[in-house]
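Going down the list, the protein sequences come from chains Z and R.
Numbering (our numbering) for the first sequence: 1 to 210.
Numbering (our numbering) for the second sequence: 211 to 420.
2 protein chains.
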Amino acid sequence: MSDTKQRLLDGAIAAIREHGIAGVSARTIAAAAGVNQALVFYHYGTVDDLLTAACQAGTAERVAHWSTRLAEVRSLRELLDVGRALHEQEQELGNVSFLAQMLAGAQSDERLAAPTGAALQLWVDEIESVLRRLLAGSPFAEIADVAGLARAVSAAFIGLELYGGVDRDGMERAMSALDQLAVLIEIVDDLGPIARRALQGKITRATRRS
Amino acid sequence: MSDTKQRLLDGAIAAIREHGIAGVSARTIAAAAGVNQALVFYHYGTVDDLLTAACQAGTAERVAHWSTRLAEVRSLRELLDVGRALHEQEQELGNVSFLAQMLAGAQSDERLAAPTGAALQLWVDEIESVLRRLLAGSPFAEIADVAGLARAVSAAFIGLELYGGVDRDGMERAMSALDQLAVLIEIVDDLGPIARRALQGKITRATRRS
DNA sequence: GTCTATAGCTGGATAGAC
DNA sequence: GTCTATCCAGCTATAGAC
Numbered sequence: 001m002s003d004t005k006q007r008l009l010d011g012a013i014a015a016i017r018e019h020g021i022a023g024v025s026a027r028t029i030a031a032a033a034g035v036n037q038a039l040v041f042y043h044y045g046t047v048d049d050l051l052t053a054a055c056q057a058g059t060a061e062r063v064a065h066w067s068t069r070l071a072e073v074r075s076l077r078e079l080l081d082v083g084r085a086l087h088e089q090e091q092e093l094g095n096v097s098f099l100a101q102m103l104a105g106a107q108s109d110e111r112l113a114a115p116t117g118a119a120l121q122l123w124v125d126e127i128e129s130v131l132r133r134l135l136a137g138s139p140f141a142e143i144a145d146v147a148g149l150a151r152a153v154s155a156a157f158i159g160l161e162l163y164g165g166v167d168r169d170g171m172e173r174a175m176s177a178l179d180q181l182a183v184l185i186e187i188v189d190d191l192g193p194i195a196r197r198a199l200q201g202k203i204t205r206a207t208r209r210s
Numbered sequence: 211m212s213d214t215k216q217r218l219l220d221g222a223i224a225a226i227r228e229h230g231i232a233g234v235s236a237r238t239i240a241a242a243a244g245v246n247q248a249l250v251f252y253h254y255g256t257v258d259d260l261l262t263a264a265c266q267a268g269t270a271e272r273v274a275h276w277s278t279r280l281a282e283v284r285s286l287r288e289l290l291d292v293g294r295a296l297h298e299q300e301q302e303l304g305n306v307s308f309l310a311q312m313l314a315g316a317q318s319d320e321r322l323a324a325p326t327g328a329a330l331q332l333w334v335d336e337i338e339s340v341l342r343r344l345l346a347g348s349p350f351a352e353i354a355d356v357a358g359l360a361r362a363v364s365a366a367f368i369g370l371e372l373y374g375g376v377d378r379d380g381m382e383r384a385m386s387a388l389d390q391l392a393v394l395i396e397i398v399d400d401l402g403p404i405a406r407r408a409l410q411g412k413i414t415r416a417t418r419r420s
C-alpha cells in the first residue's frame, strides 16, 4: 500500500467526518489527504470506490483494535464500560460518525449499500461473539436471540451517534438509561428455575403475538 | 398555505426519501413536487429553509396523527405493537427515513441541526409522555430515567431505520430482540418489595460506576 | 405567482505534460 | 505517479418577462 493510497483512505474518513456524506467530494478528500485531486481517480477510479475501500479498511482496523480488549471482558457490566469507552474513543477518531454517514448515503446509493453493510457486519459479528461468550450458561441465552441483540446494539450505536450530533445532553441521558436497562439482564441470572421458566414463557407469548 | 407551498413541503420529503441528503437539491425537490425550480427560492428563500419547514411541518403532522393512538395504549406490550405499526407505516410514508437523512445532514450543516433537533424532540416528548403514563405507579418508574429511555428509544428508531436500508432481515431480527428485552421491564412489576429494592440498589451501583 | 434564461460556482472525470 | 488544465453536468440564486 503506497503512501498516497493510505493518505487518501485517511482523507476520505476525515472528509466525511468534516463535511458529511452530502459534502464529501474528490476535492474535499484530496484536500484532507494533502494530495492532488486527480489522484483519487488514478488510484481508486471513482469517489464511491474510494469510500468503499475506506469503509472496509477503516472498519476492519478499528474492529481488530477493539477485538482484543473485548475478548477480555468477563461480565455484562464490564462490557458496558468497554462499550462506553469504545463509543467515546471512536467518536474522537470519527469511525462511528463515518459509518453513520455511509449508512445514510447507502439508503439511496446502492453502490454504497453492500460495502457499508459488510463493514457494519464486522462490528455485529464482534459484538455477537462477545455477547454469546458472556451469556453462555446464562439463562438469558435460552431466552434471547443473541444475534438479534447484537444487531440491535449496533443499530442503536449508530442512532445514538447521530442523535448526539443535535442533542449531546440527550444522548448522554439515553446512554445512561440503556445502562440501567442492561442491568436488568443480570437479574435474570439471579432468578430461580421456576421464576426463570415463567419469564421465558412470558417472553415467548409476548413476542409470538407481534 | 398555498397549494404550491404545500407541494414543495411534500416534494422535499419525497426528494430526500429518494435521493438522500446527499442528492437533495432545489431541482430534485421541484421535480418531485411537480413545480418550477425557481419557486423553491420564491417561497422559501433557500433549500435549507425549505428542508427546515418540511422537517417541522411534516414531523408535527405525523406526531399529531399518532398521538391519539398512543394515548389509548394501556400496557407496554400494547406500546410495542403500536411501535411496530408506527415504524412500518412511517417507513412507507418516509418520515422516519426523512428524519434520519436530516439528522445525518445536521452533523455537519449547523443550519439543519436546530430544526432537526426540534423535530426529533417532538417524537421524544410524545414517547416520554406515553412511557411516563404507562409506568406511573410501576416500580420501574422509581428505577428508570424515563426521559433518558424516551431518548434512547427515539435514537434506536433512527438507527434501526438506517440499518434496515442495508440489511432488512437483520433489522427485523434486531426489532424482535428488542421486543424480548422490553418484556423484561414487565417482570419488575412482578417482583416483591424486597427483590425490587435489591434490584434498585444493584442498578444504582452499576450506573454510578460508569 | 409562475415561467425562462442565465450568471457564477462546484463537482466528477479525463487528457496530456512531466 | 503526480501535476495542470479543462470539459461538461448539475447546483444555487437571481433577473426579468408574463
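Each residue gets a CB set at the ideal place from its N, CA and C atoms; glycine is no exception.
Anticipated Cβ contact below 8 Å, residue i with residue j, distance rounded
i, j, result
"A119 (chain Z)", "Q56 (chain Z)", "6 Å"
"Y42 (chain Z)", "L50 (chain Z)", "That pair is no contact at about 11 Å."
"E12 (chain Z)", "A54 (chain Z)", "For clarity, residue 12 (chain Z) is Ala in the given sequence; the question names Glu instead. That pair is a contact at about 4 Å."
"A174 (chain Z)", "A240 (chain R)", "Incorrect: roughly 37 Å between the Cβ atoms, too far for contact."
"V292 (chain R)", "R272 (chain R)", "At roughly 14 Å, the Cβ-Cβ gap does not stay under 8 Å, so V292 (chain R) and R272 (chain R) are not in contact."
"S97 (chain Z)", "E161 (chain Z)", "6 Å"
"I395 (chain R)", "F367 (chain R)", "The pair is not a contact, with the Cβ atoms about 17 Å apart (cut-off 8 Å)."
"Q180 (chain Z)", "T238 (chain R)", "Incorrect: roughly 43 Å between the Cβ atoms, too far for contact."
Residue i versus residue j: straight-line alpha-carbon distance, rounded
i, j, result
"A232 (chain R)", "Q107 (chain Z)", "10 Å"
"V376 (chain R)", "R406 (chain R)", "41 Å"
"E126 (chain Z)", "E142 (chain Z)", "20 Å"
"Y163 (chain Z)", "T269 (chain R)", "16 Å"
"R217 (chain R)", "R133 (chain Z)", "53 Å"
"A236 (chain R)", "R111 (chain Z)", "24 Å"
"A314 (chain R)", "S138 (chain Z)", "38 Å"
"Q247 (chain R)", "H297 (chain R)", "32 Å"
"S129 (chain Z)", "L135 (chain Z)", "10 Å"
"A182 (chain Z)", "G230 (chain R)", "34 Å"
Reference residue i; option with closest CA among the options
i, options, result
"I203 (chain Z)", "R:L372, R:D291, R:I397, R:Q410", "R:I397"
"D194 (chain R)", "Z:R17, Z:T46, Z:S75", "With chain R represented from 211 up to 420, any question about residue 194 (chain R) goes unanswered, as that position is not in the structure."
"V234 (chain R)", "R:Y252, R:Q216, R:T256", "R:T256"
"G34 (chain Z)", "Z:L9, Z:G94, Z:S138", "Z:L9"
"E90 (chain Z)", "Z:E78, Z:W66, Z:V146", "Z:W66"
"Q331 (chain R)", "R:A365, R:T214, R:E282", "R:A365"
"A15 (chain Z)", "Z:G94, Z:R84, Z:L39", "Z:G94"
"D145 (chain Z)", "R:G327, R:L290, R:L388", "R:L388"
Neighbouring residues, chain R, relative to residue i (Cβ below 7 Å)
i, result
"H19 (chain Z)", "S318"
"G105 (chain Z)", "G230, A232"
"I203 (chain Z)", "Q390, V393"
Cross-chain neighbours of residue i in chain Z, by beta carbon under 8 Å
i, result
"T326 (chain R)", "V166"
"D355 (chain R)", "R173, S176, A177, Q180"
"R361 (chain R)", "Y163, D167, G170, M171, R173, A174, A177"
"S307 (chain R)", "Q107"
Closer than 7 Å at the beta carbon, the chain Z residues around residue i
i, result
"L296 (chain R)", "Neighbours of L296 (chain R) on chain Z: none; closest Cβ ~13 Å, over 7 Å."
Within chain R, partners of residue i - CB distance below 9 Å
i, result
"S25 (chain Z)", "Going along chain R, no residue has its Cβ under 9 Å from S25 (chain Z), so there is no contact; the nearest lies around 10 Å."
Proximal chain R residues relative to residue i, where beta-carbon distance stays under 8 Å
i, result
"A14 (chain Z)", "Going along chain R, no residue has its Cβ under 8 Å from A14 (chain Z), so there is no contact; the nearest lies around 12 Å."
"Q101 (chain Z)", "A314, Q317"
Beta-carbon neighbours of residue i, restricted to chain Z and to distances below 9 Å
i, result
"G268 (chain R)", "Ordered by position in chain Z, no residue passes the 9 Å Cβ test against G268 (chain R), which lies about 16 Å from the chain."
"L289 (chain R)", "By Cβ distance, chain Z contributes nothing, its closest Cβ being about 11 Å from L289 (chain R), past 9 Å."
| query | Along the stretch 34-45 of chain Z, what residues have a CB closer than 8 Å to any CB found in chain R? | reply | none
| Mind listing which residues of the stretch 364-375 of chain R have their C-beta closer than 9 Å to chain Z's C-betas, in chain order? | S364, A365, A366, F367, I368, G369, L370, E371, L372, Y373, G374, G375
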